[in-house]
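Below is one structure, written out as C-alpha cells; the observations come after it.
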Amino acid sequence: MRRVRKITTYFIIFGITLCFLLVGNLVLMFFISQRTGNDKAYVYAEKIAECLEQKADGEYQMSQEGIEFIHFYNGFAMLISDSGEVVWEYRLPEKLPRQYARKDIASFARWYLEDYPVITHIIGENIFVVGRQKNSIWKYQIVFSVDTIEAYLQYFPFVILVDIVILVLVPILLLRRDMRKKEQMRTTWIAGISHDIRTPLALVLGDAENIRQSCKETEPELAKRAERIENQVIRIRTLITNLNTDNKLTFGMGEWKKEEIRIAALLREVLCDMINREPGEQYEFDIMIDEEAEECMVRGDRELIKRMLENLIGNAICHNPKGCRILVRLQKDRRLIIADDGCGVSKEQLKSMRKPMFMETLGEHGLGIRLVKRIVKLHHWKIRFRQNGSSGLCCEIEMRGWRGI
Amino acid sequence: MNLYDSNILIVDDEPALREMVQELLKKEGYLHIDVAKDCKQAREVFNSKEYHMVLLDVMLPDGDGFSLYEELKQGEKSQIPVIFLSARDEDYARLKGLGLGADDYITKPFLPQELLLRMKAVLKRTYRLEEGLPQTRIGEVLINWEAGTLESQGESYMLTAKEYTLLKKLCDNRGKILSINTLCDTLWPDGSYGYENSLMVHMRRLREKIEVNPSKPEYLVTVRGLGYKLK
Numbered sequence: 001m002r003r004v005r006k007i008t009t010y011f012i013i014f015g016i017t018l019c020f021l022l023v024g025n026l027v028l029m030f031f032i033s034q035r036t037g038n039d040k041a042y043v044y045a046e047k048i049a050e051c052l053e054q055k056a057d058g059e060y061q062m063s064q065e066g067i068e069f070i071h072f073y074n075g076f077a078m079l080i081s082d083s084g085e086v087v088w089e090y091r092l093p094e095k096l097p098r099q100y101a102r103k104d105i106a107s108f109a110r111w112y113l114e115d116y117p118v119i120t121h122i123i124g125e126n127i128f129v130v131g132r133q134k135n136s137i138w139k140y141q142i143v144f145s146v147d148t149i150e151a152y153l154q155y156f157p158f159v160i161l162v163d164i165v166i167l168v169l170v171p172i173l174l175l176r177r178d179m180r181k182k183e184q185m186r187t188t189w190i191a192g193i194s195h196d197i198r199t200p201l202a203l204v205l206g207d208a209e210n211i212r213q214s215c216k217e218t219e220p221e222l223a224k225r226a227e228r229i230e231n232q233v234i235r236i237r238t239l240i241t242n243l244n245t246d247n248k249l250t251f252g253m254g255e256w257k258k259e260e261i262r263i264a265a266l267l268r269e270v271l272c273d274m275i276n277r278e279p280g281e282q283y284e285f286d287i288m289i290d291e292e293a294e295e296c297m298v299r300g301d302r303e304l305i306k307r308m309l310e311n312l313i314g315n316a317i318c319h320n321p322k323g324c325r326i327l328v329r330l331q332k333d334r335r336l337i338i339a340d341d342g343c344g345v346s347k348e349q350l351k352s353m354r355k356p357m358f359m360e361t362l363g364e365h366g367l368g369i370r371l372v373k374r375i376v377k378l379h380h381w382k383i384r385f386r387q388n389g390s391s392g393l394c395c396e397i398e399m400r401g402w403r404g405i
Numbered sequence: 406m407n408l409y410d411s412n413i414l415i416v417d418d419e420p421a422l423r424e425m426v427q428e429l430l431k432k433e434g435y436l437h438i439d440v441a442k443d444c445k446q447a448r449e450v451f452n453s454k455e456y457h458m459v460l461l462d463v464m465l466p467d468g469d470g471f472s473l474y475e476e477l478k479q480g481e482k483s484q485i486p487v488i489f490l491s492a493r494d495e496d497y498a499r500l501k502g503l504g505l506g507a508d509d510y511i512t513k514p515f516l517p518q519e520l521l522l523r524m525k526a527v528l529k530r531t532y533r534l535e536e537g538l539p540q541t542r543i544g545e546v547l548i549n550w551e552a553g554t555l556e557s558q559g560e561s562y563m564l565t566a567k568e569y570t571l572l573k574k575l576c577d578n579r580g581k582i583l584s585i586n587t588l589c590d591t592l593w594p595d596g597s598y599g600y601e602n603s604l605m606v607h608m609r610r611l612r613e614k615i616e617v618n619p620s621k622p623e624y625l626v627t628v629r630g631l632g633y634k635l636k
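Which chain is which? The protein sequence lines are A and B, in order. For the first sequence, the numbering used here begins at 1 and goes up steadily by one. For the second sequence, the numbering used here begins at 406 and goes up steadily by one.
Structure below.
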C-alpha cells in the first residue's frame with residue numbers, strides 16, 4: 001500500500017512540474033517572439049489592399065494609412081493588372097520586373113519573388129502584392145495526408161501517456177535499485193560488526209564463568225562479581241541480536257521462514273531457557289496455558305517469535321531488578337498475555353511505546369520493544385501495551401491471523 | 406566407550422577461544438582434545454586420527470565451516486557429529502539447509518555450560534554413550550542405570566522403559582526445568598500431542614518410588630504451567 005501511494009505521489013509531483021515547465025516554456029517563447037517582432041511576421045495584405053483606391057482617371061492611390069502599414073512592415077507593394085503589367089507600385093525594388101507572365105505569378109504567389117518574401121491579395125481582376133525584406137521571413141509548409149492526421153489524433157494521447165509513465169518510472173526504478181544496494185551493504189556491515197563483537201564476548205563469558213566456578217566456595221564476593229560480568233555479557237549479546245534482527249527487518253533482507261509452530265511448546269521452551277539461565281528467586285513466574293491452547297498452531301518464523309518472547313519477558317526482568325511477579329498466559333483464542341507487577345512504566349513511556357518507534361530515540365530496552373512490535377506486525381498480529389492495574393506493565397498479543405508472514 | 410574418551414577436534418581461528426574451550430573440556434574430563442586454526446590445518450589433522458566430534462567455527466580465514474563440513478562428510482568418516490560455533494544469526498538458516506538440528510550449533514557468546522551440555526547430548530545421541538556415571542543418587546534412593554533399577558530402603562525395583570527414559574532425562578538436566586513438551590517429546594518421539602496426562606501419570610509413579618512423601622515431592626518438583634525439575 002505504501003508503495004502505491006509513493007508512486008502516485010511521484011506521478012503527481014512529476015505531472016505538476018511538467019505542467020509548470022510547459023507553461024513556462026510557452027511564456028518564454030511568447031516573450032521572445034514579442035521582443036523579436038514576430039507579430040510583424042504575418043502581413044494582412046487584405047487590410048493594406050483596402051487602402052488602395054482607383055481614382056476617376058484610372059490611376060491608383062494608396063491612402064496614408066496604407067503607406068504607414070507598408071512602412072510598418074518595412075516592405076514594398078505593387079498592383080499587377082490582369083495583363084501582368086504593374087499598374088501601381090510603392091518602393092518597388094529596381095531589380096524587380098514591371099511585367100509578369102502568368103507563370104511568374106504562379107511561382108511567387110506562395111513563396112518568394114527573387115528572394116523577397118511576398119504575400120498576394122486579389123482585388124477584382126488585379127493582384128495586390130506586398131513584399132518584405134530579404135531574409136526577414138521564414139515560411140514553411142505543412143503537408144499531411146488526412147488519414148495520417150486522424151491516426152495521430154487517435155494514437156497520440158495514448159503515446160503521450162505512455163511517455164509520461166516511462167519518464168516517471170525509469171528514474172524511480174533506478175533510484176530504488178540504488179537504494180536497495182545501499183541497504184544491502186548496510187545490513188551486511190552491521191551483521192559483520194555484530195559478528196566481530198561476538199567472539200571476544202564469548203571469551204569474556206567463558207572466563208567469567210570460569211572465575212565464578214572456581215571462586216564459588218572460596219571467595220563468594222569475587223564469584224558474585226564474575227556472575228555480574230556474565231549477566232552483562234548476556235545483556236550485550238541480546239542487544240546485538242536485537243540490533244541485527246531489527247536491521248534485517250527494516251530492510252527486508254532477512255529470509256523469514258513460514259512454519260507451523262506449536263506456540264504453547266515454544267512458549268514453554270523459551271520460559272524454561274530463561275528461568276534455567278536466571279535462577280534469580282526474586283522473580284516469581286505464574287504460567288498458565290489453557291488446555292485448548294495446547295494444540296494452537298501459528299504460522300511464522302520460529303526464531304523471530306522466540307526473539308519476541310525473549311524480549312518481552314527479558315524486559316520484565318530487566319526493568320525490575322529487585323524482583324516481581326511475571327504472569328504469562330496463553331489463552332485458547334490465541335491470545336498471549338505477559339504482565340508483571342513491577343515498577344511499571346510512566347504515562348509518557350506508555351504513549352511512546354504505542355507510537356511508531358524510531359531508532360534515534362531508542363535505548364537498549366526501546367530497541368527490544370520496537371523489535372517485538374515489528375515481529376508482531378510482520379506476522380499480522382496485534383499487540384497492546386497497558387498498565388497492569390496499579391503497577392507494572394501488561395502486554396497482550398493476539399496471534400489471530402492465520403496468514404502469518 | 407566412555408564419553409570422556411572421545412577424541413575432540415576444535416577448529417577456530419581465534420587462539421584465545423581455542424585455548425578457553427580446550428581448558429573447559431579438560432576440566433570437564435575430556436581426555437583427548439586437538440585443535441586446528443583454519444580449514445587447511447583442520448583437513449590435515451582430521452585425516453590423522455579418528456575423531457568422535459568436531460567443534461567447528463563457521464567463519465574461518467580460508468573458508469567457511471559449512472563448506473568444510475560438507476567436505477569432511479564426503480570422506481569415509483562421514484558420520485562424525487559436529488557442533489558449529491557460529492557468530493551470526495543467519496547461520497541458523499544454513500544449518501537447517503544442511504539438515505542439522507538445534508543441537509548442532511551454538512552461537513557466540515555461549516555459556517560454557519551450554520556448550521558442554523550440547524556436546525554431551527550430541528555424543529550420547531550419536532554413539533549411545535553413557536556418562537560414565539553408572540549410578541545417581543536422589544535423596545535416599547540410588548538409581549542404577551546399567552541395571553535399570555532403583556534401590557530404595559534395601560529393595561530393588563525395576564524401572565519401566567518409560568520411567569527409565571523420563572528419569573534419565575531429568576537427571577541429565579538436573580537442576581533445570583524441563584518443559585512438558587520436551588518431556589513428552591522424549592517419551593513419545595513420534596508425536597507427543599495429547600500425552601500430557603500420561604506424563605503426569607508417569608511422574609506420579611516415579612514420585613511414588615522415589616519421594617518420601619509423593620504428594621509433597623522434594624526432588625521431582627512440578628513447575629506449574631511449565632514442566633518438571635529434578636532438584
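C-beta: ideal position from N, C-alpha, C; glycine also.
Find the residues of chain B that neighbour residue 198 of chain A, judging by a C-beta separation of less than 9 Å, and give them in chain order. Here residue 198 of chain A corresponds to residue number 198 of the first sequence, with the count starting at 1. The answer, in chain order, is 491, 492, 493, 512, 513 and 514.
Looking at the ligand GDP, does it come within less than 6 Å of residue 104 of chain A, judged from the CB to the closest heavy atom? Summarising the ligand content, the structure contains no ligands, and the ligand GDP is consequently not present.
On the three-pair Cβ rule with 8 Å, is the region 225 to 242 of chain A touching the region 293 to 301 of chain A? no
Could you give the first and the last residue of the continuous alpha helix (DSSP H) run that contains residue 576 of chain B? For the purposes of this step, residue 576 of chain B is taken as the residue at position 171 of the second sequence. Element bounds for residue 576 of chain B: 566 to 577.
List, in order along the chain, the chain A residues whose C-beta lies closer than 8 Å to that of residue 586 of chain B? Counting from 1 along the second sequence, the entry for residue 586 of chain B is found at position 181. Here the neighbours are 262, 264, 265, 268 and 269.
Would you be able to state if there are at least three C-beta pairs under 8 Å between the region 86 to 97 of chain A and the region 9 to 27 of chain A? no
Would residue 201 of chain A count as contacting chain B if we go by Cβ distances under 7 Å? In the first sequence, counting from the first residue as 1, residue 201 of chain A sits at position 201. Judged by the 7 Å Cβ criterion, residue 201 of chain A is in contact with chain B.
Quick check on DSSP: helix, strand or coil for residue 441 of chain B? What you label residue 441 of chain B is simply residue 36 of the second sequence in a count that begins at 1. Here residue 441 of chain B sits in strand by DSSP.
Assign residue 41 of chain A to one of three DSSP states: helix, strand, or coil. Working through the first sequence from its first residue, we reach residue 41 of chain A at position 41. Looking at residue 41 of chain A - three-state DSSP - the assignment turns out to be coil, as it is neither helix nor strand.
What residue range does the alpha helix (DSSP H) around residue 321 of chain A cover? Here residue 321 of chain A refers to the residue found at position 321 of the first sequence. First-last for residue 321 of chain A: undefined, no H or E at that position.
Could you tell me which residues DSSP pairs with residue 387 of chain A in its beta bridges? The count along the first sequence starts at 1 and reaches residue 387 of chain A at position 387. In DSSP, residue 387 of chain A forms a bridge with A:393.
Please classify residue 68 of chain A as buried or exposed, where buried requires at least 16 neighbouring CB atoms within 10 angstroms. For this step, residue 68 of chain A is matched to residue 68 along the first sequence. Under this definition residue 68 of chain A is an exposed residue.
Check the Cβ of residue 447 of chain B against every Cβ in chain A and list those closer than 9 Å, keeping chain order. Walking along the second sequence from the start, residue 447 of chain B turns up at place 42. None at all; the shortest Cβ gap to chain A is about 17 Å.
Below 7 Å between beta carbons: does that hold for residue 491 of chain B and residue 269 of chain A? By 1-based counting over the second sequence, the position of residue 491 of chain B is 86. By 1-based counting over the first sequence, the position of residue 269 of chain A is 269. No. Outside cutoff.
Check the Cβ-Cβ distances between residue 205 of chain A and every residue of chain B, and say whether any is below 7 Å. For this step, residue 205 of chain A is matched to residue 205 along the first sequence. It does; some Cβ of chain B falls within 7 Å.
C-beta atoms of residue 344 of chain A and residue 393 of chain A nearer than 7 Å: Sequence index remark: in the first sequence, residue 344 of chain A carries index 344 (1-based). Sequence index remark: in the first sequence, residue 393 of chain A carries index 393 (1-based). Closer than 7 Å, so yes.
Measure the alpha-carbon distance for residue 81 of chain A versus residue 131 of chain A and round it to whole angstroms. One-based indexing of the first sequence puts residue 81 of chain A at position 81. One-based indexing of the first sequence puts residue 131 of chain A at position 131. Computed Cα separation, rounded: 17 Å.
Just how far apart, CA to CA, sit residue 615 of chain B and residue 526 of chain B? Taking the first residue of the second sequence as position 1, residue 615 of chain B is located at position 210. Taking the first residue of the second sequence as position 1, residue 526 of chain B is located at position 121. Going by the C-alpha atoms only, they are around 25 Å apart.
Comparing the C-beta of residue 425 of chain B with each C-beta of chain A, is any distance below 7 Å? As a first step, residue 425 of chain B is located in the second sequence; it is residue number 20 there, counting from the start. Judged by the 7 Å Cβ criterion, residue 425 of chain B is in contact with chain A.
In the structure shown, what three-state DSSP assignment does residue 289 of chain A receive? If you number the first sequence from 1, residue 289 of chain A lands on position 289. Reduced to three states, the DSSP call for residue 289 of chain A is strand.
Compute the Euclidean distance between the alpha carbons of residue 404 of chain A and residue 374 of chain A, then round it to the nearest angstrom. The residue you call residue 404 of chain A lines up with position 404 of the first sequence. The residue you call residue 374 of chain A lines up with position 374 of the first sequence. Since pLDDT at residue 404 of chain A reaches only 44, below the 50 mark, its modelled position is unreliable, and the value read off the structure follows with that caveat. Looking at the two C-alpha atoms, the distance is approximately 13 Å.
For residue 248 of chain A, report the span of its beta strand (DSSP E) as first-last. Reading the first sequence from its first residue, position 248 is the one you call residue 248 of chain A. Unbroken run through residue 248 of chain A is the alpha helix (DSSP H), 220 to 250; no beta strand (DSSP E).
Check the Cβ of residue 468 of chain B against every Cβ in chain A and list those closer than 7 Å, keeping chain order. Stepping through the second sequence from its first residue, residue 468 of chain B is reached at position 63. Here the premise fails: no neighbours, minimum Cβ distance about 16 Å.
Along the chain, where does the beta strand (DSSP E) that runs through residue 75 of chain A open and close? For the purposes of this step, residue 75 of chain A is taken as the residue at position 75 of the first sequence. From DSSP, residue 75 of chain A is part of no beta strand (DSSP E); its letter is neither H nor E.
Note down the Cα distance separating residue 477 of chain B from residue 357 of chain A, rounded to an integer number of angstroms. The residue labelled residue 477 of chain B in the question sits at position 72 within the second sequence. The residue labelled residue 357 of chain A in the question sits at position 357 within the first sequence. In a straight line, the C-alpha of residue 477 of chain B is about 47 Å away from that of residue 357 of chain A.
Out of curiosity, what's the CA-to-CA distance linking residue 210 of chain A and residue 454 of chain B? One-based indexing of the first sequence puts residue 210 of chain A at position 210. One-based indexing of the second sequence puts residue 454 of chain B at position 49. Each residue's Cα considered, the two are about 30 Å apart.
I need the straight-line Cα distance from residue 609 of chain B to residue 619 of chain B, nearest angstrom please. Here residue 609 of chain B is taken as the residue at index 204 of the second sequence, counted from 1. Here residue 619 of chain B is taken as the residue at index 214 of the second sequence, counted from 1. Their backbone Cα atoms lie some 7 Å apart in a straight line.
How about residue 209 of chain A: is its C-beta nearer than 7 Å to some C-beta of chain B? Against the first sequence, residue 209 of chain A aligns to sequence position 209. Yes, residue 209 of chain A counts as interfacial toward chain B.
For residue 245 of chain A and residue 613 of chain B, what's the separation of their Cα atoms in angstroms? Here residue 245 of chain A is taken as the residue at index 245 of the first sequence, counted from 1. Here residue 613 of chain B is taken as the residue at index 208 of the second sequence, counted from 1. Answer to the nearest angstrom: the Cα atoms are 47 Å apart.
Where does residue 419 of chain B sit, in a helix, a strand or coil, going by DSSP? The sequence position of residue 419 of chain B within the second sequence is 14, counting from 1. Of the three classes helix, strand and coil, the one that applies to residue 419 of chain B here is coil, per DSSP.
Can you tell me whether DSSP reads residue 138 of chain A as helix, strand or coil? On the first sequence, residue 138 of chain A is found 138 positions in, with the first residue counted as 1. If DSSP states are grouped into helix, strand and coil, residue 138 of chain A belongs with coil.
Entirely enclosed alpha helix (DSSP H) segments - the region 2 to 71 of chain A, minimum 4 residues: 2 to 35 and 45 to 50
Beta-carbon proximity of residue 53 of chain A to residue 61 of chain A, cut-off 7 Å: As a first step, residue 53 of chain A must be located in the first sequence, where it is residue number 53. As a first step, residue 61 of chain A must be located in the first sequence, where it is residue number 61. Yes, the pair counts as a contact, with Cβ atoms nearer than the cut-off.
Could you tell me whether the Cβ of residue 473 of chain B comes closer than 7 Å to any Cβ of chain A? Position 68 of the second sequence, counted from the first residue, corresponds to residue 473 of chain B. No, residue 473 of chain B does not count as interfacial toward chain A.
Chain B contact residues for residue 233 of chain A, given Cβ-Cβ distances below 8 Å: Position 233 of the first sequence, counting from 1, holds the residue named residue 233 of chain A. By Cβ distance, chain B contributes 514.
Answer yes or no: does any C-beta atom of chain A fall closer than 7 Å to that of residue 630 of chain B? Position 225 of the second sequence, counted from the first residue, corresponds to residue 630 of chain B. Taking Cβ atoms only, chain A reaches closer than 7 Å to residue 630 of chain B, which makes this a yes.
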